[in-house]
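Working notes, beginning with the structure itself.
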Amino acid sequence: MQLFMPGRLCLFGEHSDWAGGYRQINPKLAKGCALIVGTNQGIYARVQPQRDRLMIYTSLNDGSALMPFSIPMEKRLLLAEAQKGGFFSYAAGVAYQMLDKHPVRGIEITNYFTDLPVKKGLSSSAAICVLIARAFNRQYDLKLSIRDEMELAYQGEIMTPSHCGRMDQACAYGNQPISMIFDGDRLDIIKLQIPQKLYFVIVDLRAEKNTPEILRSLQQAYPFPTTEIHQNVQKYLSTINYQITQAAIAALEKADAKEIGSLMQQAQAEFDKHLIPACPSQLTAPVLHQLLTYPPLQPYIFGGKGVGSQGDGSAQFIAKDEDSQEQIINIIARDFPQMQSLKLIIQPSLPLRSLRSSLRPLR
């Protein structure tokens, strides 16, 4: 059995998953809202049954391979491995959840190719977790839905030292763009349709950022603000983000690349105004801002913004057309050779019924 699991790109709405979760405590906060799409890059794997062990053979996106990983399918051992952290902790956490809730035995997963960058705001760890959940689901014919796979992947990942949010597991939907609404412990997902292709470029800045520091700083503003900086953090992640992301969803469904670009610029400006003071050491992000405003790129883009938790991790641009996408990549390769650019093409959707559903309350 062959599986492919992409990363996920948050086009709009970074941090809104955990921020919207605080509505359980402070209902005056607006709902969180994010616009998500799967990357064209991801993790490729072959899957086969294994009698009583979780076995993983892995290749990284730089072409190197890790030592094979093997652990008995025993809850005690899987739990200890997950809590230890490290590369294979995610797989162990999801395997624990599968063993705890479903009649499964072992599984062997050969990750023979990976072209998804890690630790760059593209949810590589969530991609691993959803891949493991889907492998068990299909190998043992558990008939789980995509939402079930996402929930098991999320529960598995939070067993590790990772601090993932609810939007990370959206990679389970592949290249299908979706909107996600976060309201306390409730999650609504809507599949979106677009009439024509849209062209993006994702850029790994190859710089330094500290995501845990960003999260710690921003989460100090919740659930109730105690300073003006905290008030501004909540204002952006609550009402401003919701309004901008809803406008971006409408623009995406019309494939209005120019409007999407304008909204990217607006989102970045508002993010900088309201959030940089909360974590200036990370969110000032000089490398990101240099690239976003780099003059030779401007004729080929409608707009751009940061990715994931923001900071000097990755940038995203919406190109004016397919030729412009190539020009952006060539200019960055020429003028910023240390950076790595990835193409993202969102394909036109087949007619699909919008899906709305809720996650079970967190325990």
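Each residue of the sequence shown is one higher than the one before, counting from 7 in the working numbering. Built from N, CA and C at the ideal position, the CB exists for glycine as well.
Q | Any beta strand (DSSP E) of 3 or more consecutive residues that is wholly inside the region 82-146 | A | If only uninterrupted beta strand (DSSP E) runs of at least 3 residues are considered, those enclosed by the region 82-146 are 112-120.
Q.
Looking at the secondary structure, which residues open and close the beta strand (DSSP E) in which leucine 189 lies?
A. According to the sequence displayed, residue 189 carries aspartate and not leucine. That run of the beta strand (DSSP E) goes 184-189.
Q. Quick check: the region 175-184 against the region 304-315, are there 3 or more CB pairs under 8 Å?
A. Too few Cβ pairs lie closer than 8 Å, so no.
Q: Could you say which of Ile113, Pro286 and Leu9 lies nearest to leucine 137 if we only look at CA atoms?
A: Leu9
Q) Starting from arginine 52 and walking both ways along the beta strand (DSSP E), at which residues does that stretch end? A) Note, arginine 52: beta strand (DSSP E), 38-56.
Q: Decide if asparagine 336 is buried, meaning its Cβ has at least 16 other Cβ atoms within 10 Å, or exposed.
A: exposed
Q) By a C-beta neighbour count over all protein chains shown, 10 Å radius and 16 as the cutoff for buried, is methionine 7 buried or exposed? A) exposed
Q: Below 6 Å CB to CB, which residues in the same chain sit around tryptophan 24 once its five sequence neighbours on both sides are set aside?
A: Correct list, in chain order: Gly171.
**Q.** Backbone CA spacing between methionine 186 and leucine 258 [nearest angstrom]
**A.** 14 Å
Q.
Nearest by alpha-carbon distance to aspartate 197: which of Val43, Lys34, Lys37 and His21 is it?
A. Residue identity check: residue 197 is lysine in the sequence provided, not aspartate. Lysine 197 has its Cα closest to that of Val43, out of Val43, Lys34, Lys37 and His21.
Q: Please determine, among Ser76, Ser130 and Leu35, the residue with the shortest C-alpha to C-alpha distance to leucine 243.
A: Leu35
(Q) I need the boundaries of the alpha helix (DSSP H) containing alanine 254, first residue and last residue. (A) For alanine 254, the uninterrupted alpha helix (DSSP H) run begins and ends at 247-259, by DSSP.
Q.
Using the three-state DSSP reduction, which class does valine 207 fall into: helix, strand or coil?
A. strand
Q.
Considering only the alpha carbon of each residue, which of Tyr300, Ala263, Pro229 and Val53 lies closest to glutamine 145?
A. Val53
Q. In whole angstroms, what is the alpha-carbon distance linking glycine 13 and phenylalanine 230?
A. Cα to Cα, glycine 13 sits roughly 33 Å from phenylalanine 230.
Q. Which class does serine 65 belong to by DSSP, given the choice of helix, strand or coil?
A. strand
Q) Along the chain, where does the beta strand (DSSP E) that runs through serine 320 open and close? A) 320-325
**Q.** Top-ranked residue by Cα proximity to aspartate 210, from Asp121, Ile352, Ala86 and Tyr28
**A.** Asp121
Q. Based on Cα-Cα distance, which residue from Gln161, His21 and Lys149 lies nearest to lysine 37?
A. His21
Q.
Using only the alpha-carbon positions, how far apart do tyrosine 96 and cysteine 135 sit?
A. 6 Å
Q: To the nearest angstrom, report how far apart glutamine 272 and serine 76 are at their CA atoms.
A: Between the C-alpha atoms of glutamine 272 and serine 76 there is a straight-line separation of about 48 Å.
Q) Where glutamine 56 and glutamine 89 are concerned, what is the direct C-alpha to C-alpha distance, given to the nearest angstrom? A) 24 Å
Q. Using a Cβ-Cβ cut-off of 6 Å (strictly less than) and excluding sequence neighbours within five positions of glutamine 175, which residues of its own chain qualify?
A. If we look at glutamine 175 and ignore the five residues flanking it on each side, its Cβ neighbours are Ala132, Val136, Met156, Ala159 and Tyr160.
Q) The alpha helix (DSSP H) spanning aspartate 23 covers which residue range? A) 22-27
Q) If you draw a straight line from the C-alpha of isoleucine 338 to the C-alpha of serine 347, how long is it? A) 8 Å
Q. Where histidine 280 and lysine 241 are concerned, what is the direct C-alpha to C-alpha distance, given to the nearest angstrom?
A. 8 Å
Q. In or out: phenylalanine 119 buried (at least 16 other Cβ within 10 Å) or exposed?
A. exposed
**Q.** Through-space distance from serine 168 to valine 293, alpha-carbon basis
**A.** Rounded to the nearest angstrom, the gap between the Cα atoms of valine 293 and serine 168 is 26 Å.
Q | glutamate 332 versus Val239, Gln274, Phe206 and Pro218, residue with shortest Cα-Cα distance | A | Phe206
Q. Among all the DSSP beta bridges, which residues are the ones paired with serine 347?
A. Val209
Q) How many angstroms separate the CA atom of glutamine 353 from the CA atom of alanine 139? A) 26 Å
Q) Do asparagine 117 and serine 65 come within 8 Å of each other at the CB atom, strictly closer than that value? A) Result yes, Cβ atoms of serine 65 and asparagine 117 sit closer than 8 Å.
(Q) My output table needs one value for glycine 171: the three-state DSSP class, helix, strand or coil. (A) coil
Q) Rounded C-beta distance between leucine 128 and leucine 15? I'm assuming under 8 Å. A) With 8 Å as the limit, leucine 128 and leucine 15 qualify as a contact, their Cβ atoms being about 6 Å apart.
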